[in-house]
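Participant: Please find one structure pasted underneath; my questions will follow.
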Amino acid sequence: MGQLGLVQLCVRSRASRYSRVARWMGVEDWWNTMAYSGPSVPVSPDVRKLLLKSLKARPWDREQFESRGLYGRELGLDWVAESKLEARILVWHVATELYLYWFNKDQLPLPLPAAGAGVADLVEVAQSLSSYMLFLLASRPHMLPPDASRNDYLVVCYALTTHERYSTADDLLSSLQRFADALWANNSAPEYELRCKNTNRRGYKVLRGGCSLAAFLIHHQHQEDSSSSSSSSPAGGTGTLEMICRVWAQMLCCVADECSANSHAKQLSGGGEFLTVVALVAKFMRSKRLSWHLHIESQRTDEW
């Protein structure tokens with residue numbers, strides 16, 4: 003799976019002399035996407051297992067997200083569920099980056115088993131799926147649904163690279179987390195604001211949505227940890243992290259299902275894409291005739 007992280011891209015682009023030259027030549031977006039995409043990562047057994055579970059749990063619609071309380075009115079995020087796919091990818095990517103930044107500092111340093119068995123694997127799954135979806139948005143927009151666009155991605159990149167002040171990834175993540183904490187304390191009038199609020203309202207809206215969602219996820223994790231402590235559980239709760247992984251898996255399955263056959267075929271000529279594999283597996287699992295032809299027993303299907 004290809005990988006692209008918004009924070010790392012913005013930090014490296016801002017510090018790079020080559021990016022400034024590319025900006026002067028009018029090819030900054032192309033250069034940044036090519037130069038700062040991370041190396042592809044193998045599809046881990048945990049990712050495969052999660053995606054197969056998600057493929058069995060169709061449909062992947064708004065109710066799946068609403069059932070988890072992530073787009074409630076108390077968060078002011080109803081617009082996310084009603085927005086286009088690219089905005090949802092960006093909001094969830096920002097939220098995942100911030101949640102994992104907090105989690106790696108606050109939870110993973112705990113000695114095992116206090117940190118929980120398999121937590122590192124869940125972190126890897128969440129990170130890889132989040133980065134893969136952003137990679138598709140930035141580098142493979144033709145594989146997203148026909149009405150998807152890269153415009154919001156470009157606007158958010160511009161907001162972070164032009165208006166915010168930072169020199170390292172930790173600086174930027176700390177600033178975004180501070181904004182998330184301020185939103186959680188007072189959503190209508192946070193005491194700390196991003197500098198792009200008045201200069202890039204479209205990018206600010208996406209970043210605010212991502213930070214609000216991150217604050218909710220962190221608060222949800224705190225509640226989970228408190229419940230684990232009160233029940234004398236030896237391990238901290240991983241339900242929030244598992245929920246993030248499931249959301250990304252469902253989003254990936256939805257994109258694979260809605261990608262056109264022509265787009266899948268076009269990408270095959272360039273070496274193929276993991277999204278196509280997911281789409282083929284989904285098609286296979288829905289086809290009773292194909293299952294009968296290949297003598298797939300019902301017990302085998304249930305294992306998937």
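Counting with this note's numbering, you get residues 3 to 306 for the letters of the sequence shown. Just so you know, even glycine gets a beta-carbon here, dropped at the ideal spot from N, CA and C.
Let me check one thing: in DSSP terms, what residues is Gly40 bridge-paired to?
Facilitator: Working through the sequence shown from its first residue, we reach residue 40 at position 38. According to DSSP, Gly40 bridges with Gln5.
Participant: Could you check what DSSP says for Gly212 in three-state terms: helix, strand or coil?
Facilitator: Along the sequence shown, read from residue 1 onward, the residue named residue 212 stands at position 210. In this structure, Gly212 counts as helix in the three-state DSSP scheme.
Participant: Where does Thr303 fall in DSSP's three states?
Facilitator: Here the question's residue 303 lines up with position 301 in the sequence shown. Residue confidence is low: Thr303 scores 44 on pLDDT, short of 50, so the model does not pin down where it sits. No coordinate-derived value is stated.
Participant: Give me the Cα-Cα distance between Leu175 and Leu11, rounded to the nearest whole angstrom.
Facilitator: Taking the sequence shown and counting its residues from 1, the one referred to as residue 175 is at position 173. Taking the sequence shown and counting its residues from 1, the one referred to as residue 11 is at position 9. Going by the C-alpha atoms only, they are around 13 Å apart.
Participant: Output needed for Tyr206: all residues of its chain with C-beta closer than 7 Å, excluding positions within five of it in sequence on either side, in chain order.
Facilitator: For this step, residue 206 is matched to residue 204 along the sequence shown. Closer than 7 Å at the Cβ level, and outside the excluded window around Tyr206, lie Ala161, Leu196, Cys198, Lys199.
Participant: Could you tell me the distance, in whole angstroms, from the CA atom of Arg152 to the CA atom of Arg142?
Facilitator: Translated into positions along the sequence shown, residue 152 becomes position 150. Translated into positions along the sequence shown, residue 142 becomes position 140. Arg152 and Arg142: Cα-Cα distance of roughly 10 Å.
Participant: Spell out a yes or no on whether the stretch 175–186 and the stretch 211–225 are touching, meaning 3 or more CB-CB pairs, one atom from each, closer than 8 Å.
Facilitator: Touching, yes, given that three or more Cβ pairs across the two stretches are closer than 8 Å.
Participant: CB-CB under 7 Å to Ile220, same chain, minus the five flanking residues each way: which ones, in chain order?
Facilitator: In the sequence shown, the residue the question calls residue 220 occupies position 218. Excluding positions up to five away in sequence, the list reads Tyr101, Trp104.
Participant: Are the beta-carbon atoms belonging to Val127 and Ser46 less than 8 Å from one another?
Facilitator: For the purposes of this step, residue 127 is taken as residue 125 along the sequence shown, with counting starting at 1. For the purposes of this step, residue 46 is taken as residue 44 along the sequence shown, with counting starting at 1. Yes.
Participant: Quick one: what's got a C-beta closer than 6 Å to Thr35's C-beta in the same chain, skipping five residues either side?
Facilitator: For the purposes of this step, residue 35 is taken as the residue at position 33 of the sequence shown. Correct list, in chain order: Ala140, Ser141.
Participant: Give the range of the alpha helix (DSSP H) segment to which His266 is assigned.
Facilitator: Along the sequence shown, read from residue 1 onward, the residue named residue 266 stands at position 264. Here the alpha helix (DSSP H) through His266 covers 263–270.
Participant: Ala150 by DSSP, collapsed to three states: which one?
Facilitator: As a working note, residue 150 is residue 148 in the sequence shown. Ala150 falls in the coil class under three-state DSSP.
Participant: May I have the straight-line CA-CA distance separating Arg64 from Cys261, to the nearest angstrom?
Facilitator: Numbered from its first residue, the sequence shown carries residue 64 at position 62. Numbered from its first residue, the sequence shown carries residue 261 at position 259. The predicted model places Arg64 with a pLDDT of 47, which falls under 50 and marks its position as unreliable, so this point remains unresolved.
Participant: Rounded to whole angstroms, what is the Cα-Cα separation between Lys58 and Met287?
Facilitator: Indexing the sequence shown from 1 puts residue 58 at position 56. Indexing the sequence shown from 1 puts residue 287 at position 285. Going by the C-alpha atoms only, they are around 8 Å apart.
Participant: Under a Cβ-count criterion, where at least 16 other Cβ atoms within 10 Å of its own Cβ denotes burial, should Asn1 be classed as buried or exposed?
Facilitator: Missing from the structure shown is residue 1; the chain here goes from 3 to 306 and no further.
Participant: Give the secondary structure of His221 by DSSP, where H, G and I count as helix, E and B as strand, and everything else as coil.
Facilitator: If you number the sequence shown from 1, residue 221 lands on position 219. Three-state DSSP puts His221 in a helix.
Participant: Once you ignore the five residues that flank Leu243 on each side, which residues in its own chain have a CB closer than 6 Å to its CB?
Facilitator: Here residue 243 is taken as the residue at index 241 of the sequence shown, counted from 1. These residues qualify, in order along the chain: Leu124.
Participant: Out of curiosity, what's the CA-to-CA distance linking Met1 and Arg25?
Facilitator: The requested residue 1 is not part of the displayed model; the chain covers only 3 to 306.
Participant: Taking DSSP as the reference, what is the three-state secondary structure of Ser176?
Facilitator: In the sequence shown, the residue the question calls residue 176 occupies position 174. Ser176 falls in the helix class under three-state DSSP.
Participant: Which whole-angstrom value is the C-beta distance of Gly40 and Leu87, which I expect to be below 8 Å?
Facilitator: Within the sequence shown, residue 40 is the residue found at index 38, counting from 1. Within the sequence shown, residue 87 is the residue found at index 85, counting from 1. Gly40 to Leu87, Cβ: 22 Å. No contact.
Participant: Could you give the first and the last residue of the continuous alpha helix (DSSP H) run that contains Arg19?
Facilitator: Here the question's residue 19 lines up with position 17 in the sequence shown. Looking at the DSSP string, the run of the alpha helix (DSSP H) that includes Arg19 is 19–27.
Participant: From this set, Ala17, Leu52, Trp33, Val29, which residue's C-alpha is nearest Gly251's C-alpha?
Facilitator: Your numbering for residue 251 matches position 249 in the sequence shown. The amino acid at residue 251 is misidentified as Gly; the sequence shows Ala. Looking at the Cα atoms, Leu52 is the closest of the given residues.
Participant: Which first and last residues belong to the alpha helix (DSSP H) in which Leu138 is found?
Facilitator: Counting from one through the sequence shown, the residue named residue 138 turns up at place 136. Note, Leu138: alpha helix (DSSP H), 121–141.
Participant: Measure the alpha-carbon distance for Leu270 versus Met3 and round it to whole angstroms.
Facilitator: Translated into the one-based positions of the sequence shown, residue 270 becomes position 268. Translated into the one-based positions of the sequence shown, residue 3 becomes position 1. About 14 Å.
Participant: In angstroms, rounded to a whole number, what distance separates the CA positions of Arg50 and Cys159?
Facilitator: Here residue 50 is taken as the residue at index 48 of the sequence shown, counted from 1. Here residue 159 is taken as the residue at index 157 of the sequence shown, counted from 1. Each residue's alpha carbon lies about 30 Å from the other.
Participant: Going by the CB atoms, is the gap between Leu277 and Leu54 shorter than 8 Å?
Facilitator: Locating residue 54 in the sequence shown gives position 52, counting from the first residue. Locating residue 277 in the sequence shown gives position 275, counting from the first residue. No, Cβ-Cβ distance for Leu54 and Leu277 is not below 8 Å.
Participant: Please report the residue range of the alpha helix (DSSP H) in which Gly2 lies.
Facilitator: The chain is shown from 3 up to 306; residue 2 falls before or after that span and cannot be answered.
Participant: Buried or exposed: Ala281, going by 16 or more other Cβ atoms within 10 Å of its Cβ?
Facilitator: Residue numbering aside, residue 281 sits at position 279 when the sequence shown is read from its first letter. Counting Cβ neighbours within 10 Å, Ala281 comes out buried, since at least 16 surround it.
Participant: Please classify Thr98: does DSSP put it in a helix, a strand, or coil?
Facilitator: Translated into positions along the sequence shown, residue 98 becomes position 96. Note: Thr98 maps to helix in three-state DSSP.
Participant: Starting from Lys55 and walking both ways along the alpha helix (DSSP H), at which residues does that stretch end?
Facilitator: Translated into positions along the sequence shown, residue 55 becomes position 53. Here the alpha helix (DSSP H) through Lys55 covers 47–58.
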